[in-house]
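**Student:**
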């Protein structure tokens, strides 16, 4: 009994050590806490977004509540970004074009909001859209009211933090239903078209379904394995995490095999 308890505690300790010292878990290579960012992002699902005043590319006032009545996709960018935000926006444009062709141009709306106040002005947002060739219908580029940007990003579950090269922020697109409630968070700088099409079809077809455990886990993996590279100021896929996890599991399996063999050997000796 004591030997079994000893081996069990030893195995638990080894497993904890492998996980706690893994760079992805220990927090290395992450300017912002991705676990906290993901928790905040997921926590707002199902909540209704408040009404906010924003400004379009011509400086005209628009209300966030004015987009209710059909699904709305929201992304946050900052116009001073020269790499990840332009790349993410152009990739998103390709997905949105496919979705508009399949579901109808007017079936849903898209807004990109500049969070770097006071620099993401209507003029800056207009230049950003033009420089990246975004001319799809029902896609607005908006500047927020500086007094409300903090509350707005919190309600939408968007995390960001200043860094030496600009901002470190979660790569996230938020899908809101026709009633103004957050329906789904979609992660990554190169979104797979089905990650947008599936929830859009659910909303448009009137058959909403909660995000399944598998989909949630895949979203976590996408975010978890996308790390910030301070050398280039961009995000990249950290495939080494998969390799390190496999190596860790192999080592753990070897230790378990050795301990089990030693236990059986000692048991035979004691039994004899």
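In our numbering, the protein residues as written are 807 to 1078. We put the beta carbon where it would ideally sit given N, CA and C, even for glycine. Computed from a prediction, not measured in an experiment: that's the story for all the values here.
1. Using the C-alpha atoms, what's the distance from residue 946 back to residue 878?
2. Among 1075, 949, 1058, 923, which has the Cα closest to the Cα of residue 860?
3. Taking residue 883 and residue 895 to be in contact with their CB atoms under 8 Å, please state how far apart those CB atoms are, rounded to whole angstroms.
4. Is residue 995 buried or exposed, if buried means 16 or more other CB atoms sit within 10 Å of its CB?
5. Pick out the complete beta strand (DSSP E) segments inside the stretch 923 to 950, 3 residues or longer, and give them in chain order.
6. What is the rounded straight-line gap between the Cα of residue 893 and the Cα of residue 978?
7. Between which residues of its own chain and residue 1068 is the CB-CB distance below 8 Å, once the five residues before and five after are set aside?
8. Going by beta carbon distance, what residues of the same chain come within less than 7 Å of residue 852, once the five residues before and after it are set aside?
9. Given this structure, state the Cα-to-Cα distance separating residue 1006 from residue 961, to the nearest angstrom.
10. Hey, residue 944 and residue 912: beta-carbon distance below 8 Å or not?
11. At what residues does the beta strand (DSSP E) containing residue 847 begin and finish?
12. How long is the line joining the alpha carbons of residue 872 and residue 1059, rounded to whole angstroms?
**Tutor:** According to the data block:
1. Numbered from its first residue, the chain shown carries residue 878 at position 72. Numbered from its first residue, the chain shown carries residue 946 at position 140. Taking the straight line joining both Cα atoms gives about 11 Å.
2. Position 54 of the chain shown, counted from the start, is the residue given in the question as residue 860. For residue 860, the nearest C-alpha among the options comes from 949.
3. For the purposes of this step, residue 883 is taken as residue 77 along the chain shown, with counting starting at 1. For the purposes of this step, residue 895 is taken as residue 89 along the chain shown, with counting starting at 1. Contact annotation, residue 883 with residue 895: C-beta distance approximately 6 Å; criterion of less than 8 Å satisfied.
4. What you label residue 995 is simply residue 189 of the chain shown in a count that begins at 1. Counting of Cβ neighbours within 10 angstroms places residue 995 among the buried residues, the total reaching 16 or more.
5. With a minimum length of 3 residues, the continuous beta strand (DSSP E) runs that stay inside the stretch 923 to 950 are 945 to 950.
6. Numbered from its first residue, the chain shown carries residue 893 at position 87. Numbered from its first residue, the chain shown carries residue 978 at position 172. If I take the Cα positions, the gap works out to 13 Å.
7. Sequence index remark: in the chain shown, residue 1068 carries index 262 (1-based). Taken in chain order, the list of residues that qualify is empty.
8. In the chain shown, residue 852 corresponds to position 46, counting from 1. Once the five neighbours on either side are set aside, the close Cβ partners of residue 852 are 987, 988.
9. The residue given as residue 1006 occupies position 200 in the chain shown. The residue given as residue 961 occupies position 155 in the chain shown. Computed Cα separation, rounded: 21 Å.
10. Here the question's residue 944 lines up with position 138 in the chain shown. Here the question's residue 912 lines up with position 106 in the chain shown. Yes, the Cβ-Cβ distance between residue 944 and residue 912 is below 8 Å.
11. Here residue 847 refers to the residue found at position 41 when the chain shown is read from its first residue. No beta strand (DSSP E) contains residue 847, which is instead part of the alpha helix (DSSP H) from 840 to 849.
12. The residue given as residue 872 occupies position 66 in the chain shown. The residue given as residue 1059 occupies position 253 in the chain shown. Distance between the alpha carbons of residue 872 and residue 1059 is about 57 Å.
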